[in-house]
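Protein sequence lines, in the order shown, are assigned to chains A and B. Just so we're on the same page, this note's numbering is the position in the first sequence counted from 1, plus 1386. Just so we're on the same page, this note's numbering is the position in the second sequence counted from 1, plus 8. Every residue, glycine too, gets a C-beta built ideally from N, C-alpha and C. The structure presented is a predicted model; accordingly, all values stated were derived computationally and were not measured.
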Amino acid sequence: MSKEIVAMILAGGRGTRLEALTAKVAKPAVYFGGKYRIIDFPLSNCANSGIDVVGVLTQYESVLLGTYVGAGSKWGLDGNNSLAAILPARERGEVGATWYAGTADAIYQNISFLDQYDPEYVLILSGDHIYKMDYADMLAAHKAKGADLTVAVLNVSLKEASRFGIMNTNKDGTIYEFEEKPEKPKSTLASMGIYIFTYKELRKYLIEDAKDENSKHDFGMNIIPAMLNDDKKLYAYEFAGYWKDVGTVESLWQANMDLLADKELDLYNIKKDWKIYTEDTLSKPQIIGEEASVKNALITQGCIVNGEVEGSVLFNNVYIGEGAKVVDSVLMPGVLVEEGAEVYKAIVDEGVVIKSKEVVNKEAKTVELVSDNAR
Amino acid sequence: MSKVVGIVNLHSNVSYKGLTEKRPVASVSFLGRYGIIDFVLSNMSNSNVDTVGVLIKEKPRSLFKHLGNGNSWNFNSKSGGVSLLYNEKYANNPMYNHDINNLVENIAFLEKSKADYVVVAPAHIITTMNYAEVVEAHQKSGAEITVVYQKIGNANTTFVGSDYLRIKGKQVVEIKQNKGNRKERNISLETYVFNTKVLLSLMNYAKKVSSFFDLKDTLAYICDERKIMAYEYKGFARCIDSYEAYYKTSLEFLDMDVNTQVFKSTWPIFTNTNDTPPTKYKKNAKVKKSFVANGVIVDGEVEGSILSRNVVIGKNAVVKNCIILNGSYVCPNAHLENVIIDKDARIEKMKELVSENDDEPLYVKEGDVV
């Protein structure tokens, strides 16, 4: 079965800056937006862009992520000609047991998976970004330019630019230099970690890179510089929508709050673009009780709200007791806020019980993470 | 282990006015995210019945779409499956369009199933019945047929038109129609267990007696000559047999004591899913005592109501004791009380839709703009 393009989602990272939230799950499996896991975004984007073979590369806590992705049925990727394949770091015949040493190495170790589909292009994605994007447009641009590599970039502010990998480009969009977190950025085009490679070029560079013992086997640090060095055609593809790397507790909280503030990410499809698919649970519709007050909030099925909720995001099966108050917070699945308890500006991890009359983070200066897992 | 197959019997004389104009009772939206049929299908699934035939009486389009390959109810195993049994021959002939003729027309389903027992249940009587327990009692009793009933104390107002049983020992001696003239009745829940051979022979027998005889008529006719066991079910049961009963039963679920009888973690209610985002409550939202499905956007006041998926309640609109089905829109400042709004309707011009009588809700048709 040959495919024009195959997507590979890098989903092996732990995301240590998410602290206790990733104590037991990989970062791409972290909950987001009242209903989703982060990896739903790249997977839905693939499905909606007509990319129907997707490899998901896992390493840290791969079991939960593996079961969640399954055969890809949640995203409609389980047809006769489509597939979501979990590709964990594993024992292989020729080299024995290995881990993924870097982003490029992870793809290198799965060259035989890619070869089965004989793709012309390979889309490399990160499993931990929140955005909606039509990769078909990016592929069209890649083809039109006859590029060897197209890198999706976001125009960020000069102040932020030092936090990202920056692509320095010519007027025609060709990339002449890549700088990782530059102190004095020459451009504000930040790499989104989304790459389309012409596969035969990618294959060649991955094999070369694997031989280099000094390489970090990383796309940004090794593959892109090597291609630039060889004068390959690298183009920047500018993306103009909502995109967020939810790397920290603070940024995860902020991305959830962005949903409430009707920022550009439109889950309701009002702009008629497309849906984000996810696991649908069997819980009943949400019940808003007689004494409840709910304002500026996202609430999912299975919740029972008897108290006050404002500026907050509630996942599946959250229970808010009478007289309880939840403000500017994100409550993950199964959280129980007992009668009279108060929660301010917090992320409350899955299954946590906030005891009756307990008050969390009244000061509300920074985001507080409440979890039963050790940090 | 004996093999049990399920039959969902949609051949009943029940309709909900406008709600069933274009769809059967089975696929009418219920409690915001279900179809009426989901309850009986979930009971089958939770009772480990994985081979199910659905006897479709009429208007099959929405049902075909809803049921798909049955994977939402776990009927997509290698051994099981859901079969949609439709009797095209008699579709336009009301007297002949009954359950027995449908079974005869689709006899292959029963023949191929190799079942020892057949459980037959309707969709419009909502229960959380464990059919495995009924089949077990049926086996033990040595009966050929078992009829499930519930002892109720309000037969004068509910289940009117349903059958009731006269029972001696544990045996059914008479089946008659409930005319609503007494409060206490042993009401038939139209749920039966048959030995497969007995059901097949009844189908032949019924045709010989009268071509108009359906399953209910046949059971009533033979109950003095066959061994029919009565099985008492004591759990939750509501008969949604009219537009008014649909409205009343739906709103009854807003009472926590009622809905916790049905929604239990050990007895999930399955339905097909829709990938709708969480519900968004905006700045002006004031919501009390309501059931809300996912994908809803609320910026007004909602009380005592049920909102289905993707409903939009505009800024400062007031919605009381209403049932609003999928995708309908209520414009800002509208005032609705005691109204059922069918799918994809838009309330734009009429700012005030109020029924004074809470037994008789107003109805807005699917897709209408008012």
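Those residues of the region 1668-1685 of chain A placed with their C-beta closer than 9 Å to a C-beta in chain B are Leu1668, Ser1669, Lys1670, Pro1671, Gln1672, Ile1673, Ile1674, Gly1675, Glu1676, Glu1677, Ala1678, Ser1679, Val1680, Lys1681, Asn1682, Ala1683, Leu1684, Ile1685, ordered along the chain.
Here DSSP, grouped into helix, strand and coil, assigns Phe1418(A) to strand. The beta carbons of Ala1470(A) and Val1481(A) sit no closer together than 8 Å. In this structure the region 1487-1500 of chain A lies against the region 1595-1606 of chain A, because at least three pairs of beta carbons, one per stretch, are closer than 8 Å. By the CB criterion at 8 Å, Tyr1521(A) and Lys1630(A) fall outside the cutoff. In this structure, Asp283(B) and Lys1661(A) form a Cβ contact; the two beta carbons are roughly 5 Å apart against a cut-off of 8 Å. Tyr371(B) carries a strand assignment under DSSP once its states are collapsed to helix, strand and coil.
When Cβ pairs closer than 8 Å are counted between the two stretches, the region 1631-1643 of chain A is seen to touch the region 1418-1426 of chain A, the count reaching three or more. Boundaries of the alpha helix (DSSP H) harbouring Asn54(B): 45-54, taken from the DSSP string. With a beta-carbon spacing of about 5 Å, Cys330(B) and Val347(B) fall inside the 8 Å limit used to define contacts. If you check the CB distance, Phe38(B) and Lys1670(A) do not come in under 8 Å.
When Cβ-Cβ separations below 8 Å define contact, Gln1687(A) makes contact with chain B. Between the region 326-343 of chain B and the region 1710-1722 of chain A, the count of C-beta pairs closer than 8 Å stays below three; the two stretches do not touch. With respect to the 8 Å criterion, Val306(B) and Cys231(B) are not classified as neighbours on the basis of their beta carbons. The beta carbon of Phe117(B) is closer than 7 Å to those of Gly61, Ser91, Leu93 in its chain, skipping five residues each way along the sequence.
In the DSSP assignment, Met1519(A) falls outside any alpha helix (DSSP H) and carries neither an H nor an E. Residue-level contact by beta carbon holds for Leu1653(A) and chain B, with a gap shorter than 8 Å. Taking a contact to require three or more Cβ pairs closer than 8 Å, the region 19-33 of chain B and the region 250-263 of chain B qualify as touching.
Per DSSP, the beta bridge partners of Cys247(B) are Ile133(B). Excluding its 5 nearest sequence neighbours in each direction, Glu192(B) has C-beta neighbours in its own chain below 6 Å: Gly161, listed in chain order. Look at Asp1464(A): its C-beta is not under 8 Å from any C-beta on chain B. According to the DSSP assignment, Gly1579(A) belongs to no alpha helix (DSSP H) but to the beta strand (DSSP E) extending over 1575-1584. Taking 8 Å as the cut-off, the beta carbon of Ala1412(A) is found closer than this to the beta carbon of Leu1451(A). With fewer than three CB-CB distances shorter than 8 Å, the region 98-112 of chain B does not count as touching the region 1746-1753 of chain A. In this structure, Ile248(B) sits near Ile134(B), with a CB-CB distance shorter than 8 Å. Ile1510(A) places its beta carbon 8 Å or farther from that of Arg1589(A).
The beta carbons of Met1578(A) and Ala1530(A) sit no closer together than 8 Å. Counted as a single uninterrupted DSSP element, the beta strand (DSSP E) harbouring Lys288(B) occupies residues 287-289.
A residue is called buried once 16 or more other Cβ atoms fall within 10 Å of its Cβ, and Ala1397(A) is buried on that count.
For His19(B), same chain residues with a beta-carbon under 7 Å away, outside a window of 5 residues either side, are Leu63, Lys65, His106, Asp107, Asn110, Asp222 in chain order. When the beta-carbon positions are compared, Tyr371(B) and Lys25(B) come within less than 8 Å of each other. Annotation: the region 78-123 of chain B contains the following complete segments of the alpha helix (DSSP H) (minimum length 4 residues), in chain order: 107-113, 115-121. Two segments are said to touch when three or more pairs of C-beta atoms, one from each, lie closer than 8 Å; by this definition the region 65-85 of chain B does not touch the region 167-178 of chain B. Considering only beta carbons, the part of the region 31-49 of chain B lying closer than 8 Å to chain A consists of Leu39, Gly40, Arg41, in chain order. With contacts defined as CB atoms closer than 8 Å, Gly1688(A) and Asn1702(A) qualify as a contacting pair.
Check the Cα spacing between Lys148(B) and each of Glu119(B), Ala238(B), Lys73(B): the tightest is with Ala238(B).
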